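Participant: Residue numbers (my numbering): 97 to 381. Virtual Cβ for every residue (Gly too), placed ideally from N, Cα, C. Small disclaimer: the values here were computed from a predicted structure and weren't measured. The following block contains the structure, expressed as structure tokens.
Right, here's the structure in full:
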């Protein structure tokens, strides 16, 4: 059985914070994910329950306003974890639908220490909002106030990518190393996800082929940095980017994104859950 303890567009798509959810059993949810969690095999009730804790931005949150009636990848993964290990899973989803950035998460991290320190499985999803194209002045370029589009795409280049990754790498290192240290010496599944490209294929962006290629350049650098940081600090980095955007990162992922073209659709949630599950359950099962 899985127990959910609270589930938790770009620049213009931020929404107000949703209230923290309380204990949810048998699908009665006040969180973003309103789906029921079916019981796994009877053996799942044996032994001590596993604690799954999720932190990050709105990608793991699964707000029903983003993807109506969707069953989020956190729920799907928790069900697979229960089945795969034969143990009950208690899920605490502290992801936020607030436009949370990497620096914002770092400010809140001390308040999450108790829950993370007691977690058998941790998923971190904080790849989205701190991406340079989501800045108020992406790569230093002004933004057209009428259209919200980037005025000078020539600034979206290797220099911008290098500056963004150099600035964010130490912060990601601190995040991953701190959480891993809190679980040091205890068997734990540590997972993080990288960032899919929701610019390619987005009608509102009206990208030329050259501009689309520049978004790929930034995503390549960003995701390489993020995964290098995660793996250097004991986390398994789940490659959502290439699953959504193809081997070269240039494919639109329309069927995997909800109508807002930012959050995962049901197919997208299913794919992320599949990627997480494919990592296996060692050292827990």
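So, for residue 228: in the same chain, excluding its five sequence neighbours on each side, which residues have a beta-carbon less than 7 Å away from its beta-carbon?
Facilitator: For the purposes of this step, residue 228 is taken as the residue at position 132 of the chain shown. Correct list, in chain order: 234, 235, 256, 260 and 314.
Participant: Tell me which same chain residues have a C-beta within less than 7 Å of the C-beta of residue 374, skipping the five on either side of it?
Facilitator: Counting from 1 along the chain shown, the entry for residue 374 is found at position 278. So the list is empty, once near-sequence residues are dropped.
Participant: Closer than 8 Å is the cut-off here; do at least three beta carbon pairs connect the stretch 236–255 with the stretch 281–297?
Facilitator: No, the stretch 236–255 is not in contact with the stretch 281–297.
Participant: Using CA coordinates, which residue listed in 232, 231 and 339 is at the minimum distance from residue 291?
Facilitator: Mapped onto the chain shown, residue 291 falls at position 195. When only C-alpha atoms are compared, the closest one is 339.
Participant: What residue range is occupied by the uninterrupted beta strand (DSSP E) comprising residue 332?
Facilitator: Against the chain shown, residue 332 aligns to sequence position 236. Unbroken beta strand (DSSP E) run through residue 332: 332–334.
Participant: In whole angstroms, what separates the C-alpha of residue 191 from that of residue 253?
Facilitator: For the purposes of this step, residue 191 is taken as residue 95 along the chain shown, with counting starting at 1. For the purposes of this step, residue 253 is taken as residue 157 along the chain shown, with counting starting at 1. Straight-line Cα distance between these residues: approximately 31 Å.
Participant: Can the beta-carbon of residue 198 be found less than 8 Å from the beta-carbon of residue 218?
Facilitator: Here residue 198 corresponds to residue number 102 of the chain shown, with the count starting at 1. Here residue 218 corresponds to residue number 122 of the chain shown, with the count starting at 1. For residue 198 and residue 218, no; Cβs fall outside 8 Å.
Participant: Whether or not the stretch 323–343 and the stretch 362–371 are in contact is what I'm after, with contact meaning three or more pairs of Cβ atoms, one per stretch, closer than 8 Å; do they touch?
Facilitator: Enough Cβ pairs lie closer than 8 Å, so yes.
Participant: Are the beta-carbon atoms belonging to residue 152 and residue 205 less than 8 Å from one another?
Facilitator: Indexing the chain shown from 1 puts residue 152 at position 56. Indexing the chain shown from 1 puts residue 205 at position 109. Result no, Cβ atoms of residue 152 and residue 205 do not sit closer than 8 Å.
Participant: Only counting the same chain, and skipping five residues up and downstream in sequence, which positions put a Cβ closer than 7 Å to that of residue 138?
Facilitator: Mapped onto the chain shown, residue 138 falls at position 42. With a pLDDT of 37 at residue 138, under the threshold of 50, the predicted position of this residue should be treated as unreliable, and no value is reported.
Participant: Using the Cα positions of residue 279 and residue 213, report the straight-line distance between them to the nearest angstrom.
Facilitator: Locating residue 279 in the chain shown gives position 183, where the first residue counts as 1. Locating residue 213 in the chain shown gives position 117, where the first residue counts as 1. Taking the straight line joining both Cα atoms gives about 6 Å.
Participant: Is the CB-CB distance between residue 146 and residue 371 below 8 Å?
Facilitator: On the chain shown, residue 146 is found 50 positions in, with the first residue counted as 1. On the chain shown, residue 371 is found 275 positions in, with the first residue counted as 1. Cβ atoms of residue 146 and residue 371: not closer than 8 Å.
Participant: Ends of the beta strand (DSSP E) at residue 213?
Facilitator: By one-based count along the chain shown, residue 213 stands at place 117. Taken as a continuous stretch (DSSP letters only), residue 213 belongs to no beta strand (DSSP E), being part of the alpha helix (DSSP H) at 209–213.
Participant: At which residue ranges does the stretch 249–308 contain complete beta strand (DSSP E) runs of 3 or more residues, listed in the order of the chain?
Facilitator: Here the runs fully enclosed are 285–289.
Participant: Leaving out the 5 sequence neighbours to the left and right, which residues in its chain are closer than 6 Å to residue 369 when beta-carbon positions are compared?
Facilitator: Residue 369 sits at position 273 when you count from the first residue of the chain shown. Contacts found: 169, 172 and 173.
Participant: Exposed or buried, residue 181, counting other C-beta atoms within 10 Å across all chains shown (16 or more means buried)?
Facilitator: Stepping through the chain shown from its first residue, residue 181 is reached at position 85. When all chains shown are included, residue 181 counts as buried.
Participant: What separation, rounded to the nearest whole angstrom, lies between the Cα atoms of residue 265 and residue 321?
Facilitator: By one-based count along the chain shown, residue 265 stands at place 169. By one-based count along the chain shown, residue 321 stands at place 225. For residue 265 and residue 321, the distance between alpha carbons rounds to 7 Å.
Participant: Roughly how many whole angstroms lie between the Cα atoms of residue 245 and residue 310?
Facilitator: Sequence index remark: in the chain shown, residue 245 carries index 149 (1-based). Sequence index remark: in the chain shown, residue 310 carries index 214 (1-based). Taking the straight line from one Cα to the other gives about 14 Å.
Participant: Where do the N-terminal and C-terminal ends of the alpha helix (DSSP H) with residue 187 fall, by residue?
Facilitator: The sequence position of residue 187 within the chain shown is 91, counting from 1. No alpha helix (DSSP H) holds residue 187; the beta strand (DSSP E) holding it covers 185–189.
Participant: May I have the straight-line CA-CA distance separating residue 327 from residue 282, to the nearest angstrom?
Facilitator: Locating residue 327 in the chain shown gives position 231, where the first residue counts as 1. Locating residue 282 in the chain shown gives position 186, where the first residue counts as 1. C-alpha separation (whole angstroms): 18 Å.
Participant: First and last residue of the beta strand (DSSP E) that includes residue 155?
Facilitator: For this step, residue 155 is matched to residue 59 along the chain shown. Taken as a continuous stretch (DSSP letters only), residue 155 belongs to no beta strand (DSSP E), as it is neither H nor E.
Participant: Return the CA-CA distance between residue 268 and residue 203, expressed in angstroms with no decimal places.
Facilitator: Mapped onto the chain shown, residue 268 falls at position 172. Mapped onto the chain shown, residue 203 falls at position 107. Looking at the two C-alpha atoms, the distance is approximately 13 Å.
Participant: Roughly how many angstroms separate the alpha carbons of residue 116 and residue 178, rounded to a whole number?
Facilitator: In the chain shown, counting from the first residue as 1, residue 116 sits at position 20. In the chain shown, counting from the first residue as 1, residue 178 sits at position 82. In this prediction, residue 116 has a pLDDT of 33, which is less than 50 and means its spatial position is unreliable; what the coordinates show is noted afterwards. For residue 116 and residue 178, the distance between alpha carbons rounds to 24 Å.
Participant: Our contact map puts residue 329 next to residue 272 with C-beta atoms below 8 Å; I'd like the distance itself, whole angstroms only.
Facilitator: Here residue 329 is taken as the residue at index 233 of the chain shown, counted from 1. Here residue 272 is taken as the residue at index 176 of the chain shown, counted from 1. Yes, they are in contact, since the Cβ atoms of residue 329 and residue 272 sit about 4 Å apart, within 8 Å.
Participant: Could you check the C-alpha separation between residue 154 and residue 353 for me, to the nearest Å?
Facilitator: To locate residue 154, count along the chain shown from 1; it is residue 58. To locate residue 353, count along the chain shown from 1; it is residue 257. Going from the Cα of residue 154 to the Cα of residue 353 covers about 13 Å.
Participant: Classify residue 215 as buried or exposed, calling it buried when 16 or more other Cβ atoms lie within 10 Å of its own Cβ.
Facilitator: Locating residue 215 in the chain shown gives position 119, where the first residue counts as 1. With 16 or more other Cβ atoms within 10 Å, it is buried.
Participant: For residue 104, which residues in the same chain have their Cβ closer than 6 Å to its Cβ, ignoring the five residues on either side in sequence?
Facilitator: Here residue 104 corresponds to residue number 8 of the chain shown, with the count starting at 1. With a pLDDT of only 34 at residue 104, under 50, the local geometry of the prediction cannot be trusted, and no value is derived from it.
Participant: If I follow the unbroken beta strand (DSSP E) through residue 217, where does it start and stop?
Facilitator: The residue you call residue 217 lines up with position 121 of the chain shown. Unbroken beta strand (DSSP E) run through residue 217: 217–221.
Participant: How many Å lie between residue 376 and residue 248 at the Cα?
Facilitator: In the chain shown, residue 376 corresponds to position 280, counting from 1. In the chain shown, residue 248 corresponds to position 152, counting from 1. For residue 376 and residue 248, the distance between alpha carbons rounds to 44 Å.
Participant: Could you have a look at residue 378 and say whether DSSP puts it in helix, strand or coil?
Facilitator: Here residue 378 refers to the residue found at position 282 when the chain shown is read from its first residue. Coil at residue 378, not helix or strand.
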